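Trainee: One structure coming up, written as structure tokens, with questions to follow.
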Ligand SMILES: [Zn+2]
Ligand SMILES: [Zn+2]
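In the numbering used here, the protein residues as written are 57 to 494.
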């Protein structure tokens with residue numbers, strides 16, 4: 057029987073501009089030698105169109121003509137072998153890093169079909185293309201194209217598995233499979249594609265990791281902090297047999313324990329440790345969106361005012377004072393999954409509030425989104441007097457599955473992608489999607 061996948065077809069629909077972005081106007085442009093098909097016929101020499109919402113419809117501004125339409129489609133080829141850097145249609149205003157500290161506007165170049173519609177008086181842009189071309193683009197959107205072959209191959213396979221398993225389905229209400237951002241997988245079309253990254257995609261075409269006849273739900277994050285986190289710490293029960301805690305280093309280290317972050321902060325031997333990247337051009341290998349360089353270990357001072365504002369904004373708890381922060385549960389990597397805040401509400405009553413997920417902890421302890429929930433609070437005892445909680449932390453992201461920086465560290469050590477994948481997803485096997493399994 058064939059390997060089972062969650063996604064029904066080999067075409068994927070990616071949300072690029074979402075109604076929540078409240079974008080009402082975009083400019084599209086493409087090179088003169090690119091063959092572009094459209095739902096509205098226009099002259100061959102035209103290479104740009106402005107699209108604007110007016111009175112609930114699109115107004116297309118073509119050179120000397122204006123047309124009013126309900127929806128709009130533009131398409132260029134998306135065959136993997138025919139892709140190249142900057143092949144596709146450039147969209148001039150797309151949000152990257154929604155809700156993160158580095159949110160910004162980017163101008164991605166997108167192959168395949170671009171489907172424009174109007175939802176809540178704002179633009180919804182869906183990009184439809186083959187899964188293979190999508191994962192080739194994701195590999196260099198998630199990582200820099202200068203990364204070693206083994207890392208690009210591992211990232212490509214992991215991105216393919218995640219897309220094909222299609223477990224999370226965060227955007228079913230808007231009828232697309234994944235969004236363009238870190239909420240799903242970072243996708244910026246062919247913008248940063250290189251021959252090198254394209255080769256990695258072609259060389260691993262159709263390769264997937266399989267567990268019990270199904271493509272695995274291959275979670276990954278930027279930096280685990282030294283120990284890969286357990287699935288249940290981040291997403292709860294039931295556990296996933298191949299997303300389990302493991303030391304992200306060449307040896308099982310002496311003198312450190314899982315779940316106990318304070319001593320772990322001294323652990324420097326991990327594949328994702330900053331000490332491994334001192335002589336490499338990290339930005340060229342890590343992708344182009346992140347502008348801060350804190351990954352393995354970091355320090356952040358978070359003002360009490362920020363925590364109180366977030367309690368009000370996210371949970372509708374209007375507190376006057378925060379007295380105590382109590383860590384109740386940590387996962388294997390030290391990520392906090394249950395934390396209690398104690399304080400005083402606006403009526404002077406003593407109150408407590410529990411944060412029960414790493415996601416809620418990260419959005420409460422930062423003005424945007426904290427690197428991870430693996431942190432210790434340096435000045436806990438004196439928090440009453442201090443204005444800010446000083447956090448010392450580890451890792452970036454949820455820490456489950458492949459650690460992208462650890463995979464980079466392994467690739468730089470000359471470890472082949474097959475071994476990188478079996479390190480992060482124990483018990484899985486590498487197969488070709490076209491294989492029959494018994
Ligand atoms: Zn998403
Ligand atoms: Zn790691």
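Beta carbons are placed, not taken as given, at the ideal position from N, Cα and C, and that holds for glycine.
All values derive from a computational prediction rather than experimental measurement.
So for residue 109, helix, strand or coil by DSSP?
Mentor: Here the question's residue 109 lines up with position 53 in the chain shown. Strand.
Trainee: From the DSSP secondary-structure annotation, give me the bridge partner or partners of residue 279.
Mentor: Along the chain shown, one-based indexing puts residue 279 at 223. Per DSSP, 452.
Trainee: Kindly say whether residue 266, judged by its beta-carbon, lies nearer than 9 Å to any beta-carbon of chain C.
Mentor: In the structure shown, chain C cannot be found, because there is only a single protein chain.
Trainee: Is it buried or exposed, residue 491, if we count other Cβ atoms within 10 angstroms and call 16 or more buried?
Mentor: Sequence index remark: in the chain shown, residue 491 carries index 435 (1-based). Burial check for residue 491: the Cβ neighbour count within 10 Å stays below 16, so the residue is exposed.
Trainee: Going by Cα to Cα distance, which pick from 406, 466 and 175 is closest to residue 79?
Mentor: Here residue 79 is taken as the residue at index 23 of the chain shown, counted from 1. Comparing Cα positions, the closest option is 175.
Trainee: Any heavy atom of ligand 1 closer than 8 Å to the CB of residue 226?
Mentor: Position 170 of the chain shown holds residue 226. Residue 226: yes, Cβ under 8 Å from ligand 1.
Trainee: Using 8 Å as the cut-off, classify the Cβ of residue 71 as near or not near the heavy atoms of ligand 1, replying yes or no.
Mentor: Locating residue 71 in the chain shown gives position 15, counting from the first residue. Yes; taking the cut-off as 8 Å, the Cβ of residue 71 has a heavy atom of ligand 1 nearer than that.
Trainee: According to DSSP, which residues form a beta bridge with residue 58?
Mentor: Numbered from 1 along the chain shown, position 2 holds the residue referred to as residue 58. Beta-bridge partners assigned by DSSP to residue 58: 492.
Trainee: DSSP puts residue 267 in a beta bridge; with which residues?
Mentor: Position 211 of the chain shown holds residue 267. The partner list for residue 267 (beta bridge, DSSP) reads 270.
Trainee: If I follow the unbroken beta strand (DSSP E) through residue 197, where does it start and stop?
Mentor: What you label residue 197 is simply residue 141 of the chain shown in a count that begins at 1. Premise fails: residue 197 lies in the alpha helix (DSSP H), 187-198, not in any beta strand (DSSP E).
Trainee: Spell out the partners DSSP gives residue 487 in its beta bridges.
Mentor: Walking along the chain shown from the start, residue 487 turns up at place 431. Residue 487 pairs with 264.
Trainee: Give the straight-line distance between the Cα atoms of residue 345 and residue 404, rounded to the nearest whole angstrom.
Mentor: Translated into positions along the chain shown, residue 345 becomes position 289. Translated into positions along the chain shown, residue 404 becomes position 348. In this predicted model, residue 345 has a pLDDT of only 47, less than 50, meaning its place in the structure is not dependable; the value taken from the coordinates is given anyway. When rounded, the distance between both Cα atoms is 44 Å.
Trainee: Can you tell which of 368, 473, 439 and 415 has its C-alpha closest to the C-alpha of residue 381?
Mentor: The residue labelled residue 381 in the question sits at position 325 within the chain shown. Considering only alpha carbons, the answer is 439.
Trainee: So, does the stretch 111-121 touch the stretch 182-189, judging by three or more C-beta pairs under 8 Å?
Mentor: no
Trainee: Return the chain-ordered list of same chain residues with a C-beta closer than 8 Å to the C-beta of residue 483, the five sequence neighbours on each side being excluded.
Mentor: Looking up residue 483 in the chain shown gives position 427. 267, 297 and 298, listed in sequence order.
Trainee: Give the C-beta separation of residue 388 and residue 301 to the nearest angstrom, bearing in mind that I take them to be a contact with Cβ-Cβ under 8 Å.
Mentor: Here residue 388 refers to the residue found at position 332 of the chain shown. Here residue 301 refers to the residue found at position 245 of the chain shown. In this structure residue 388 is in contact with residue 301, their Cβ atoms being roughly 3 Å apart against a cut-off of 8 Å.
Trainee: Does ligand 1 have a heavy atom nearer than 8 Å to the CB of residue 217?
Mentor: By one-based count along the chain shown, residue 217 stands at place 161. No, since every heavy atom of ligand 1 falls outside the 8 Å radius drawn around the Cβ of residue 217.
Trainee: Please name the residue, chosen from 453, 436 and 264, that lies closest to residue 474 on a Cα-to-Cα basis.
Mentor: In the chain shown, residue 474 corresponds to position 418, counting from 1. The candidate whose alpha carbon is nearest that of residue 474 is 264.
Trainee: Compute the Euclidean distance between the alpha carbons of residue 94 and residue 326, then round it to the nearest angstrom.
Mentor: Within the chain shown, residue 94 is the residue found at index 38, counting from 1. Within the chain shown, residue 326 is the residue found at index 270, counting from 1. Their Cα atoms are separated by approximately 51 Å.
Trainee: For the stretch 190-207 against the stretch 244-251, do three or more pairs of beta-carbon atoms, one drawn from each stretch, fall closer than 8 Å, so that the two count as touching?
Mentor: yes
Trainee: Given a cut-off of 9 Å on the beta-carbon distance, is the pair residue 395 and residue 383 in contact?
Mentor: Within the chain shown, numbered from 1, the residue matching residue 395 stands at position 339. Within the chain shown, numbered from 1, the residue matching residue 383 stands at position 327. Between residue 395 and residue 383, the CB-CB gap stays under 9 Å.
Trainee: Just to check, is the beta-carbon of residue 193 closer than 8 Å to a non-hydrogen atom of ligand 1?
Mentor: If you number the chain shown from 1, residue 193 lands on position 137. Residue 193: no, Cβ never under 8 Å from ligand 1.
Trainee: In the DSSP assignment, find the beta strand (DSSP E) that holds residue 392 and state where it starts and stops.
Mentor: Taking the first residue of the chain shown as position 1, residue 392 is located at position 336. Counting along the chain, the beta strand (DSSP E) containing residue 392 begins and ends at 392-401.
Trainee: Does the distance from the C-beta atom of residue 328 to that of residue 465 stay below 9 Å?
Mentor: Here the question's residue 328 lines up with position 272 in the chain shown. Here the question's residue 465 lines up with position 409 in the chain shown. Going by C-beta atoms, residue 328 is nearer than 9 Å to residue 465.
Trainee: Residues in the same chain with beta-carbon distance under 6 Å from residue 417, minus the five sequence neighbours each way, listed in chain order, please.
Mentor: Taking the chain shown and counting its residues from 1, one reaches residue 417 at position 361. Same-chain partners within the cutoff: 392, 395, 411 and 429.
Trainee: Using DSSP bridges, identify the partner residues of residue 114.
Mentor: Here residue 114 refers to the residue found at position 58 when the chain shown is read from its first residue. In DSSP, residue 114 forms a bridge with 109 and 125.
Trainee: Under the three-state reduction of DSSP, which class applies to residue 221: helix, strand or coil?
Mentor: As a first step, residue 221 must be located in the chain shown, where it is residue number 165. Helix.
Trainee: Any heavy atom of ligand 2 within a distance shorter than 8 Å of the CB on residue 461?
Mentor: Along the chain shown, read from residue 1 onward, the residue named residue 461 stands at position 405. The answer is yes for residue 461.
Trainee: Using 8 Å for Cβ pairs, my map puts residue 235 next to residue 70. What's the rounded Cβ distance?
Mentor: Walking along the chain shown from the start, residue 235 turns up at place 179. Walking along the chain shown from the start, residue 70 turns up at place 14. Right, the Cβ-Cβ distance comes to about 7 Å (below 8 Å), so this counts as a contact.
Trainee: For the alpha helix (DSSP H) containing residue 241, list its first residue and its last residue.
Mentor: Residue numbering aside, residue 241 sits at position 185 when the chain shown is read from its first letter. Careful: residue 241 lies outside any alpha helix (DSSP H) and carries neither H nor E.
Trainee: For ligand 2, any of its heavy atoms closer than 8 Å to the Cβ of residue 307?
Mentor: Here the question's residue 307 lines up with position 251 in the chain shown. Result no, Cβ not under 8 Å from ligand 2.
Trainee: Please identify the residue among 64, 362 and 271 whose C-alpha is closest to the C-alpha of residue 426.
Mentor: For the purposes of this step, residue 426 is identified with residue 370 of the chain shown, where counting begins at 1. Selected option, being the one with the closest Cα: 362.
Trainee: Three or more C-beta pairs under 8 Å: does that hold for the stretch 162-171 against the stretch 134-145?
Mentor: yes
Trainee: What separation, rounded to the nearest whole angstrom, lies between the Cα atoms of residue 489 and residue 178?
Mentor: Here residue 489 corresponds to residue number 433 of the chain shown, with the count starting at 1. Here residue 178 corresponds to residue number 122 of the chain shown, with the count starting at 1. Approximately 38 Å, taken between the alpha carbons.
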